[in-house]
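Inspection log for the structure reproduced underneath, given as structure tokens.
Chains as they are written, first to last, in my numbering: chain A, 1 to 240; chain B, 241 to 402.
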């Protein structure tokens, strides 16, 4: 199929860079010295050029791959051994590979769960330990800090640290440094001590419930809940 | 002094500029002839000759050649046009535009019957129009540099679906 041209009249013939007729090529030209210069290489020459170019390309590609491997610091991935395997064997190997991947995923999930449990357990241990040091503040916060500190200490440093912490806690209790905020001296003898003790009980309950209660709020609540203690407290104050 | 039908040397050069490769040399030659001096110098300008297929209708093995545009010309339609081109036109241009850039120096429409007449096998050559042109310097330079690799016919025809 196509269009047949008839009744042709040629006005001129142009030299062009790319013609419509695929074979209308300038075959050669003649120069000053009379030599002929071929414009169109022979098929053999083109085949040789193609062969040479293909070889150069293959060499350059291999060199590029080698350089890339050096850059990546990796060796080229080995060829897939299953590429030419029997389809049945290939399917079985693929199934095994899939099962192995799933098992690997489960193993990782279990490992993550165990790690989380260990983290939670460690956190609970240190929260409980922090409860023995009220001067450090809220046990949850203090527990996390103690866990971090514990993580960077060796055994001797750990023993020394907690011994010193315990000594400081004892010293603070005896010093009455926080007496204004409520000092627990054991048995509550005065109304003030009883109110203080009641306030501390409220703070402890709040902690157990996972909330925070400031001492002055607890003290106020203790007074409201025990008006007789307040009366006694006033009497003590007036009697001083 | 009149030279070659021109009133003087300058008029001769002006009249032949673009028509001959070396108008000064050409007019000197005419002047020498006019003066009775033998033209002994041998002018050797660049040949600037290019040869090739202006159009190929069929390959040597008889396969029809269809243009990129989907058009084709049967040898029996092209052959008379090739002869008319020699009779009436004989010119080349560059990229189908501008002035004349070359003059026809050779033209032959090859066909199996002409191959036979030349003592060649019928399939020795394609069926097509072989041409040679002498180009001007600018156009010849483009051929040498590879900017112009092909010929392309220019004219008119009637297209019919085939």
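Just so you know, even glycine gets a beta-carbon here, dropped at the ideal spot from N, CA and C. On a predicted model such as this, the values are computed, not experimentally measured, just so you know.
Practice prompt. Enumerate, from N- to C-terminal direction, the unbroken alpha helix (DSSP H) stretches of 4 or more residues contained entirely within the stretch 73–135 of chain A.
Written response: 87–130
Discussion item. Against chain A, does residue 277 (chain B) count as a neighbour if the rule is that its beta carbon must be under 8 Å from one of theirs?
Written reply: For residue 277 (chain B), the pLDDT reaches just 43, beneath the cut-off of 50, and the residue's location in the model is therefore unreliable, although a value from the coordinates is still provided. Taking Cβ atoms only, chain A never reaches closer than 8 Å to residue 277 (chain B), which makes this a no.
Worksheet item: To the nearest angstrom, how far is it from the Cα of residue 29 (chain A) to the Cα of residue 291 (chain B)?
Response: 6 Å
Practice prompt. With a threshold of 16 other CB atoms inside 10 Å of the CB of residue 276 (chain B), please say whether the residue is buried or exposed.
Written response: Because the pLDDT at residue 276 (chain B) is just 49, under 50, the model does not fix this residue reliably, and the value given afterwards should be weighed accordingly. By the neighbour-count rule (16 or more Cβ atoms within 10 Å), residue 276 (chain B) is not buried but exposed.
Worksheet item: Does the pairing of the stretch 349–363 of chain B with the stretch 47–57 of chain A give three or more beta-carbon distances under 8 Å?
Response: no
Practice prompt. Taking C-beta pairs closer than 7 Å, name the residues in chain A that residue 307 (chain B) reaches, listed in chain order.
Written response: 20 and 21
Practice prompt. For residue 374 (chain B), collect the residues of the same chain with a Cβ closer than 7 Å to its Cβ; drop the 5 residues on either side in sequence, then sort them by chain order.
Written response: 288, 289, 342, 343 and 345
Worksheet item: Roughly how many angstroms lie between the CA atoms of residue 253 (chain B) and residue 242 (chain B), to the nearest whole one?
Response: 12 Å
Item to complete: Could you check if residue 21 (chain A) is buried or exposed, using at least 16 other CB atoms within 10 Å of its CB as the buried criterion?
Response: buried
Worksheet item: Roughly how many angstroms separate the alpha carbons of residue 193 (chain A) and residue 202 (chain A), rounded to a whole number?
Response: 14 Å
Worksheet item: Would you call the stretch 90–99 of chain A and the stretch 114–129 of chain A in contact, with 3 or more CB pairs under 8 Å?
Response: no
Worksheet item: Are the beta-carbon atoms belonging to residue 213 (chain A) and residue 206 (chain A) less than 8 Å from one another?
Response: yes
Fill in: For residue 168 (chain A), three-class secondary structure by DSSP
helix
Fill in: Beta-bridge partners of residue 351 (chain B), as assigned by DSSP
Note: residue 351 (chain B) sits in no beta bridge, so no partner.
Worksheet item: For residue 224 (chain A), does the three-state DSSP call read helix, strand or coil?
Response: helix
Item to complete: Measure from the alpha carbon of residue 123 (chain A) to the alpha carbon of each residue in A:59, A:143 and A:136, then state which is nearest.
Response: A:143
Practice prompt. Would you list the residues sitting across from residue 12 (chain A) in a DSSP beta bridge?
Written response: B:394
Discussion item. To be precise: take each residue of the stretch 384–395 of chain B, compare its Cβ to all Cβ atoms of chain A, and keep it if any distance is under 9 Å. Which residues remain?
Written reply: 384, 386, 387, 388, 389, 390, 391, 392, 393, 394 and 395
Discussion item. At the level of alpha carbons, what is the spacing between residue 62 (chain A) and residue 56 (chain A)?
Written reply: 10 Å
Worksheet item: Taking the C-alpha atoms as reference points, what is the distance between residue 136 (chain A) and residue 197 (chain A)?
Response: 19 Å
Worksheet item: Do residue 293 (chain B) and residue 24 (chain A) have their C-beta atoms within less than 8 Å of each other?
Response: yes
Worksheet item: Nearest to residue 258 (chain B) by CA position, among B:384, B:327, B:391 and B:376, is which residue?
Response: B:376
Worksheet item: Straight-line CA distance for residue 128 (chain A) to residue 121 (chain A)?
Response: 11 Å
Worksheet entry | N-terminal and C-terminal residue of the beta strand (DSSP E) that residue 294 (chain B) is part of | 289–298
Fill in: Counted within 10 angstroms of its Cβ, other Cβ atoms place residue 17 (chain A) as buried (16 or more) or exposed
exposed
Discussion item. Considering only DSSP beta bridges, list what residue 311 (chain B) is partnered with.
Written reply: A:3
Worksheet item: Among residues of its own chain, excluding the 5 on either side of residue 349 (chain B), which ones have a beta-carbon nearer than 6 Å to its beta-carbon?
Response: 319, 322 and 369
Fill in: Neighbouring residues, chain B, relative to residue 11 (chain A) (Cβ below 7 Å)
329, 394 and 395
Discussion item. Looking at chain A, is there any beta carbon in it that lies within less than 8 Å of the beta carbon of residue 350 (chain B)?
Written reply: no
Practice prompt. Leaving out five residues on either side along the sequence, give the residues of the same chain with a beta carbon under 6 Å from the beta carbon of residue 367 (chain B).
Written response: 297, 298, 315 and 351
Discussion item. Is there a C-beta anywhere in chain A that falls below 8 Å from the one on residue 379 (chain B)?
Written reply: yes
Discussion item. Given this structure, state the Cα-to-Cα distance separating residue 72 (chain A) from residue 140 (chain A), to the nearest angstrom.
Written reply: 47 Å
Worksheet item: Closest by CA to residue 210 (chain A), which one among A:81, A:138 and A:53?
Response: A:138
Worksheet item: Cβ of residue 333 (chain B) less than 8 Å from any chain A Cβ?
Response: yes
Item to complete: Taking 8 Å as the cut-off, decide whether the C-beta atoms of residue 402 (chain B) and residue 1 (chain A) are in contact.
Response: yes
Worksheet item: Taking the C-alpha atoms as reference points, what is the distance between residue 60 (chain A) and residue 79 (chain A)?
Response: 20 Å
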